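Novice: Each residue of the sequence shown is one higher than the one before, counting from 1 in our numbering.
Ideal Cβ placement from N, Cα and C applies to all residues, glycine included.
None of these values were measured; they are calculated from a predicted model.
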Amino acid sequence: MAETRVLPSGEVYRQMFDAQVQLSLALHDGRSKRAASGGFQLSCDCHGGQEAHPGGLRTRVQTECSVWSEDTTARAQLFSGGLAVQKNHQLMQEISGLPDTVEAELKGSDIIERLKEKKRRDHTEAVVQLHRDLAVISTKYESCLRQQAENTMCQLAQYDATVESLMRKIDSVSDLESFSIQDHLQVWELVSQESANRRECIRKLDENLDKYISERTAVISTLLRKYTQILKKFSYILPCDVHRLMDSEAMMINQAVLSNRRAVAKLTLNLMEDDLQKEALHRLRWEDKLKDWKRIKVLAAVNRFKDFINGPALNDSKDIRDTLDTLHRSQARYNTERITVLQAIKTMTPPNCSQSLITVWYSNLSAVNDKIDCVHIDTMKRLQCYYEQIWQNCLDKVECFKDEVHTYGLPVEEIQDVVDTELLSLVGKCQKQVEEHLEVLDRAFECLAKRAAGLSKLLFKFLRSASLLWEVHTAGLQRREQQLQGQVEELLQSYKQEQLKKDTQLDILLDKLRQESSEDFMKVTLDKIFGILGDLKQGYMTLHKEEIDTVEIYPALVLEELQIYSMAVSRFFGVKEVHCQVSEECKTLYPSLQIDVSGKVIIKKRKQNQVQGRKRLLSAGGSVSPKDGNSVPSPEEDNDCPEVFFDSQNQDSFTSAKGNSYNAMKFVDLSTEDDQEPDIPEVELVRYPAGLFIELLGNVRLAFFDHLEEWYNSVLMNSFDITSAKKVEREAEHALRLHLHQPRARRIEMDIYYVRAAELVFHRDHVDKHCKAVLQSLANYRSEFQDLQVQHHKLTSDFRGLIYGMEDMFNLATKSDVLVNLSSTLQSDLEKHNSAIQASQRQFREKLEQQLEDLRGANAQLLKSIRLFSEGGNFSPKETELYQKRLEKIAKRIDSTEEGVHLDMEQTEYKCLEQAKDVISRFEEKFFYLTVDLKFLEKIQGILTNSQVYIKTEVTNSNTQKKKLSNLLDELEVMAQSCSNPSPDKTVTLEEVLTFTTTLMGDLRKRCFYLDCILDPSLAAQLLDCPLQGPFAVAARPQSHKEEKSIMLEGLLNPSSAGISFIDDVSVGVVKGLLRLSKPKVLPDNQSESLDRASTVVPGGLRHCALMNCVPFTLLSNQCH
1 MAETRVLPSG EVYRQMFDAQ VQLSLALHDG RSKRAASGGF QLSCDCHGGQ EAHPGGLRTR
61 VQTECSVWSE DTTARAQLFS GGLAVQKNHQ LMQEISGLPD TVEAELKGSD IIERLKEKKR
121 RDHTEAVVQL HRDLAVISTK YESCLRQQAE NTMCQLAQYD ATVESLMRKI DSVSDLESFS
181 IQDHLQVWEL VSQESANRRE CIRKLDENLD KYISERTAVI STLLRKYTQI LKKFSYILPC
241 DVHRLMDSEA MMINQAVLSN RRAVAKLTLN LMEDDLQKEA LHRLRWEDKL KDWKRIKVLA
301 AVNRFKDFIN GPALNDSKDI RDTLDTLHRS QARYNTERIT VLQAIKTMTP PNCSQSLITV
361 WYSNLSAVND KIDCVHIDTM KRLQCYYEQI WQNCLDKVEC FKDEVHTYGL PVEEIQDVVD
421 TELLSLVGKC QKQVEEHLEV LDRAFECLAK RAAGLSKLLF KFLRSASLLW EVHTAGLQRR
481 EQQLQGQVEE LLQSYKQEQL KKDTQLDILL DKLRQESSED FMKVTLDKIF GILGDLKQGY
541 MTLHKEEIDT VEIYPALVLE ELQIYSMAVS RFFGVKEVHC QVSEECKTLY PSLQIDVSGK
601 VIIKKRKQNQ VQGRKRLLSA GGSVSPKDGN SVPSPEEDND CPEVFFDSQN QDSFTSAKGN
661 SYNAMKFVDL STEDDQEPDI PEVELVRYPA GLFIELLGNV RLAFFDHLEE WYNSVLMNSF
721 DITSAKKVER EAEHALRLHL HQPRARRIEM DIYYVRAAEL VFHRDHVDKH CKAVLQSLAN
781 YRSEFQDLQV QHHKLTSDFR GLIYGMEDMF NLATKSDVLV NLSSTLQSDL EKHNSAIQAS
841 QRQFREKLEQ QLEDLRGANA QLLKSIRLFS EGGNFSPKET ELYQKRLEKI AKRIDSTEEG
901 VHLDMEQTEY KCLEQAKDVI SRFEEKFFYL TVDLKFLEKI QGILTNSQVY IKTEVTNSNT
961 QKKKLSNLLD ELEVMAQSCS NPSPDKTVTL EEVLTFTTTL MGDLRKRCFY LDCILDPSLA
1021 AQLLDCPLQG PFAVAARPQS HKEEKSIMLE GLLNPSSAGI SFIDDVSVGV VKGLLRLSKP
1081 KVLPDNQSES LDRASTVVPG GLRHCALMNC VPFTLLSNQC H
């Protein structure tokens, strides 16, 4: 046991299970070994030691005796001629050898019991001594543990007395104001230090107790290891049982150790809990005294802050007075700048008015308003900033209060509660009064800014609507011009669509003409193309007439737009009269212009032409849509003057520059005051003056009507000039169309018709030449293949002559090695012949494949060049289909030629190879039997040579034995003569004769056993000793000799071929022939009888072989010589 093993109960059971498994495996191995050795070995214990079985020596002696008896019996049976003993006789012999009674040879002694008793006694004493040593160790360490606990209790009592003296020092203080926070904290630090010392003392106690327990555990572990070795040395119980005993002791000791550790942990926990409870009580006592001291300090700080809030620093400020003076100066300056911007409205009349100018003017006015508003906002920000600075000073005082109170050790929550209830309430009251004043001032500034923005927005809307009248009118004139251009483009678009259809048909016919496959079809298509060109020319004439009719309507469209603009201006400014006068000069220049009684223009022809043009577009599949980029709102959309500017119940009149009088509604003054605006002195300088808006709006109305009267006639004269220019432009375009259309028919005939006819002739000739060339090449390849076949037939004939020329060499061969070498030469000649044929075939095949590949490439290239017009070629679909089919037939012809040549080549190669193999196979078959006969004769000759050597050896041994027997017989004869005729010189007794005779008989029996010529089996039994007794007689039979003999006979009796009897086997016939060739001499009668007797032992078919083994070697030697 190398170390102490404290295992749970599950591990102990696991060790027991593993030990039982090892024991079972050892028993299984022992039984397997005994079964493999034949059952003659005796079993031993699982440990294999002599100590476990004191009778092991006796068992080993019996085993050696049995082996010796078995060897003696086997040798006796070997020399007694036991080959002839039958099975029944062997069984009887085995049964007779069994013992009648079984008795134990030796009786056991009591040495084992005495040794076992001594081991038990030593084992028990060791266990008892172990328990005594464990008790001594426990007594020693318990005294140490008790002493350590008493010392610790004394130290804890001293620490309690020190802490109590510190806490009484705080209770004895009468005036808490003289104490500082550091004094309180210092007292608590001393108390905490004493508590820490107590915990350190408890921790050291726990460490010392744990150290003693660990030391005792180590000593016990050493003791257990020691006694484990002692118990294993006694060997009273098995080592596994020793370990199990020690594990049980260790388990009980571990339980006790764990119990002690739990007790120590519980003691430490109780001491720690007691120390924590004492520390918590001291902490509560110290915190109560600290709270009383903090309450007094906070009350003094609050009184100081109230004195600061009620002081003069917050009620009057120089910065606020300076800010209000700056505000009044800025208001006066910006109000003058705003009146200047409003006076600029007088200049914003046609043709100088536009949305961009109005937007710039409004931006300037808004900028001035924004500046005033910014001054107000900046003033409010400054006032708020100054007041914010005041409040920030108050908050700084609050922060100072917080810092002061924080030094007293109050928590943040309590400090914030005091600030909220005592300090911030005073600051909030003052701040509320200031915010009410600032709110009134801010509301007045905001109302002023809203009113200025509203009036500016109304003026901007008025001017933008007036400017929109002019912009709508100018856009209308542009729209009328674009309408004229659009109508012309509509006509062009409709005729372009018709022309596009014709051009599409023309392109289709041109493509068809370009892709026709015959000249007849080309002529029909050309006639259709000439008809479409005539239709296109007629369409150009009709288009020119409709364009001229459309251009002449433009002056009437301009007059209509002027009338719309005049009505819109009168409606916008609230004027009853509308200016619609056309001068006599305009009527003279354009007499087709029709005006009704009310002064409105009549445009009937234009509308009819427009309707007809739209019908053409619809019939052509087109659609008319106005251009989105040039669309403008109508004069009635979003250009009415706001009603807030007019007083519908009061009328006003004005006169234009040309003396025309107009009646209109009176304007309203919008600069009146708003009742909701606060009346404070800070906004008096930035209000609008009264009557300013009425003056500005009247000037704008008068300027618009003066410009309208001048603009009316000038626009009509301009429209007449545009009409004349458009007519000249249409005439030039019409002449250009006719000029471009005239040469198209000639170009089509020259560039397409004649070119396509030449292409058709070229395509046909090219394909014909290619097909003729491919067919001629295929015919040449066929003739070359026929030449190759003639060459192969010549090679095959030469090879046949070469093989037949080797027949004489095979006939003259006398050894099998020569024949084998000649056979291998045949195979090498065959391989050379096959290689030559295959090489020529491969060369021709590669050449043919290359040439055919070139033909395929040329055919594929031509086929690839035949492409449709859509694919970039110049072949028609019919041409493509015709030529592709023809070229595909050529490709199939190439493939069929290649397949036929390859097939013929394979057949030719196969035929040549088969002819060569047939020649070789017939030649090898012819000489195969000759090779087999030579090999068989060589093997028989070798066997006979070995047999002669073995026979000579056995003859020598037999002659030596015979000579020895002859000498013994001569000596016996001499002894018999000496016994019958005794002489004084040499005396021979009867006992010596009998002894010599016994020796001689033994040698004679050995001679007979050697020759295997004993006829009476009972004589062989006399050589054996008395029958064996016990279990060894059963194992003494010559089983191995019987098995060897049976195996030998079975091997000889097996025929060499299946289905043939042993007598008819070829090998038996060969042996018989060899025996007849040996020419044996005539044997004496006694030797013949011996041969006959010996032959009866061998089965019928092996009679001759048995004679060779059983005849005396002297006779066999004479026969061989």
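Ignore the nearest five residues each way along the sequence and tell me which others in Ala19's own chain have a CB closer than 6 angstroms to its CB.
Specialist: Residue 19 sits at position 19 when you count from the first residue of the sequence shown. Hits under 6 angstroms: Cys240.
Novice: With distances taken Cα to Cα, identify the nearest neighbour of Glu561 among Leu930, Leu543 and Leu469.
Specialist: Walking along the sequence shown from the start, residue 561 turns up at place 561. Taking only the C-alpha atoms, the option nearest Glu561 is Leu469.
Novice: In terms of residue numbering, what span does the alpha helix (DSSP H) encompassing Asp1012 cover?
Specialist: If you number the sequence shown from 1, residue 1012 lands on position 1012. Counting along the chain, Asp1012 falls outside any alpha helix (DSSP H), and DSSP gives it neither H nor E.
Novice: By a C-beta neighbour count over all protein chains shown, 10 Å radius and 16 as the cutoff for buried, is Thr407 buried or exposed?
Specialist: Numbered from its first residue, the sequence shown carries residue 407 at position 407. Exposed: under 16 other Cβ atoms inside 10 Å.
Novice: Starting from the C-beta of Ala745, find all residues in its chain whose C-beta is less than 8 angstroms away, skip the five residues before and the five after it, and write them out in chain order.
Specialist: Working through the sequence shown from its first residue, we reach residue 745 at position 745. Excluding residues within five positions, the ones whose Cβ falls inside 8 angstroms are Ile529, Phe530 and Leu533.
Novice: Among Lys726, Thr421, Cys447 and Phe645, which one has its Cα closest to the Cα of Gly574?
Specialist: Against the sequence shown, residue 574 aligns to sequence position 574. The option with the nearest alpha carbon to Gly574 is Phe645.
Novice: Please report the residue range of the alpha helix (DSSP H) in which Asn780 lies.
Specialist: The count along the sequence shown starts at 1 and reaches residue 780 at position 780. Unbroken alpha helix (DSSP H) run through Asn780: Tyr754 to Tyr804.
Novice: Taking the straight line between their C-alpha atoms, what separation do you get for Met905 and Glu924?
Specialist: Position 905 of the sequence shown holds residue 905. Position 924 of the sequence shown holds residue 924. When rounded, the distance between both Cα atoms is 28 angstroms.
Novice: If the criterion is Cβ atoms closer than 8 angstroms, does the pair Leu438 and Gln384 meet it?
Specialist: Mapped onto the sequence shown, residue 438 falls at position 438. Mapped onto the sequence shown, residue 384 falls at position 384. Against a cut-off of 8 angstroms, the Cβ pair of Gln384 and Leu438 comes out as a contact.
Novice: Using the beta-carbon count (16 or more within 10 Å), is Gln493 buried or exposed?
Specialist: Reading the sequence shown from its first residue, position 493 is the one you call residue 493. It is buried - the Cβ of Gln493 has at least 16 other Cβ atoms within 10 Å.
Novice: Please determine, among Thr525, Arg800, Val683 and Glu189, the residue with the shortest C-alpha to C-alpha distance to Arg922.
Specialist: One-based indexing of the sequence shown puts residue 922 at position 922. For the residues Thr525, Arg800, Val683 and Glu189, the minimum Cα distance to Arg922 belongs to Arg800.
Novice: Considering only the alpha carbon of each residue, which of Cys353, Met975, Gln742 and Tyr141 lies closest to Arg464?
Specialist: Numbered from 1 along the sequence shown, position 464 holds the residue referred to as residue 464. If we check each option's Cα against that of Arg464, Cys353 comes out closest.
Novice: Do Ser195 and Glu279 have their CB atoms nearer than 8 angstroms?
Specialist: Walking along the sequence shown from the start, residue 195 turns up at place 195. Walking along the sequence shown from the start, residue 279 turns up at place 279. Yes, these two residues count as a Cβ contact at 8 angstroms.
Novice: Quick check: the Cα distance between Val375 and Val434, rounded to an integer number of angstroms?
Specialist: Here residue 375 corresponds to residue number 375 of the sequence shown, with the count starting at 1. Here residue 434 corresponds to residue number 434 of the sequence shown, with the count starting at 1. In a straight line, the C-alpha of Val375 is about 20 angstroms away from that of Val434.
Novice: Take the Cβ of Arg842 as the centre, count every other Cβ of all protein chains shown within 10 Å, and call the residue buried at 16 or more, exposed below.
Specialist: Counting from 1 along the sequence shown, the entry for residue 842 is found at position 842. Arg842 should be labelled exposed.
Novice: Among Glu881, Ile890, Tyr227 and Ile345, which residue has its Cα nearest to the Cα of Thr124?
Specialist: Against the sequence shown, residue 124 aligns to sequence position 124. With distances taken between Cα atoms, Thr124 lies closest to Tyr227.
Novice: Would you check if the stretch 645-662 and the stretch 700-711 touch, i.e. whether three or more CB-CB distances between them fall below 8 angstroms?
Specialist: Yes, they touch.
Novice: Report the option in Leu224, Asn260, Gln229 and Tyr236 whose CA atom is closest to the CA atom of Glu249.
Specialist: The sequence position of residue 249 within the sequence shown is 249, counting from 1. Taking only the C-alpha atoms, the option nearest Glu249 is Leu224.
Novice: To test your reading of the DSSP string, which unbroken beta strand (DSSP E) runs of 3 or more residues are found completely within the stretch 356-390?
Specialist: Entirely contained in the stretch 356-390, not one beta strand (DSSP E) run reaches 3 residues.
Novice: What would DSSP say about Asn981, mapped onto helix, strand or coil?
Specialist: For this step, residue 981 is matched to residue 981 along the sequence shown. Coil at Asn981, not helix or strand.
Novice: Look at the Cβ atom of Leu543, then the Cβ atom of Leu484, and state whether they are nearer than 8 angstroms.
Specialist: Reading the sequence shown from its first residue, position 543 is the one you call residue 543. Reading the sequence shown from its first residue, position 484 is the one you call residue 484. Contact: no.
Novice: Hey, quick one: how far does the beta strand (DSSP E) through Asp652 stretch, first residue to last?
Specialist: Within the sequence shown, numbered from 1, the residue matching residue 652 stands at position 652. Phe646 to Thr655 is the span of the beta strand (DSSP E), which, as asked, contains Asp652.
Novice: Using the three-state DSSP reduction, which class does Leu868 fall into: helix, strand or coil?
Specialist: In the sequence shown, residue 868 corresponds to position 868, counting from 1. Of the three classes helix, strand and coil, the one that applies to Leu868 here is strand, per DSSP.
Novice: Residues in the same chain with beta-carbon distance under 6 angstroms from Glu853, minus the five sequence neighbours each way, listed in chain order, please.
Specialist: Position 853 of the sequence shown, counted from the start, is the residue given in the question as residue 853. So no residue of the chain qualifies.
Novice: Out of curiosity, what's the CA-to-CA distance linking Thr588 and Leu738?
Specialist: The sequence position of residue 588 within the sequence shown is 588, counting from 1. The sequence position of residue 738 within the sequence shown is 738, counting from 1. Each residue's Cα considered, the two are about 36 angstroms apart.
Novice: Going by C-alpha distance, which of Leu327, Glu709, Val440 and Asn663 is nearest Arg382?
Specialist: Within the sequence shown, residue 382 is the residue found at index 382, counting from 1. It is Leu327 whose Cα lies nearest to the Cα of Arg382.
Novice: Tell me the rounded alpha-carbon separation between Gln158 and Ala126.
Specialist: Taking the sequence shown and counting its residues from 1, one reaches residue 158 at position 158. Taking the sequence shown and counting its residues from 1, one reaches residue 126 at position 126. Distance between the alpha carbons of Gln158 and Ala126: 50 angstroms.
Novice: Kindly indicate which three-state DSSP category Tyr565 falls into: helix, strand or coil?
Specialist: Within the sequence shown, numbered from 1, the residue matching residue 565 stands at position 565. Helix at Tyr565.
Novice: On the criterion of 16 or more Cβ atoms from any shown chain inside 10 Å, does Arg168 qualify as buried, or is it exposed?
Specialist: Along the sequence shown, one-based indexing puts residue 168 at 168. That one is exposed.
Novice: Measuring only the C-alpha atoms, how far is Met348 from Thr340?
Specialist: What you label residue 348 is simply residue 348 of the sequence shown in a count that begins at 1. What you label residue 340 is simply residue 340 of the sequence shown in a count that begins at 1. Going from the Cα of Met348 to the Cα of Thr340 covers about 14 angstroms.
Novice: Tell me whether Tyr662 sits in a helix, a strand or coil according to DSSP, three-state version.
Specialist: On the sequence shown, position 662 is the one that residue 662 refers to. Correct three-state label for Tyr662: strand.
Novice: Between the alpha carbons of Leu862 and Thr525, how many angstroms are there, rounded?
Specialist: For the purposes of this step, residue 862 is taken as the residue at position 862 of the sequence shown. For the purposes of this step, residue 525 is taken as the residue at position 525 of the sequence shown. Taking the straight line from one Cα to the other gives about 29 angstroms.
Novice: With distances taken from CA atoms, which of Asp210, His282 and Gln277 is nearest Leu258?
Specialist: As a first step, residue 258 is located in the sequence shown; it is residue number 258 there, counting from the start. Taking only the C-alpha atoms, the option nearest Leu258 is Asp210.
Novice: If distances are taken between C-alpha atoms only, which option among Val242, Gln277, Tyr781 and Val398 comes closest to Asp307?
Specialist: Locating residue 307 in the sequence shown gives position 307, where the first residue counts as 1. Per the Cα distances, Val398.
Novice: Would you mind giving the Cβ-Cβ distance between Leu848 and Tyr781, rounded to the nearest angstrom? I have them listed as a contact below 8 angstroms.
Specialist: Translated into the one-based positions of the sequence shown, residue 848 becomes position 848. Translated into the one-based positions of the sequence shown, residue 781 becomes position 781. The Cβ separation is near 6 angstroms, so the contact holds.
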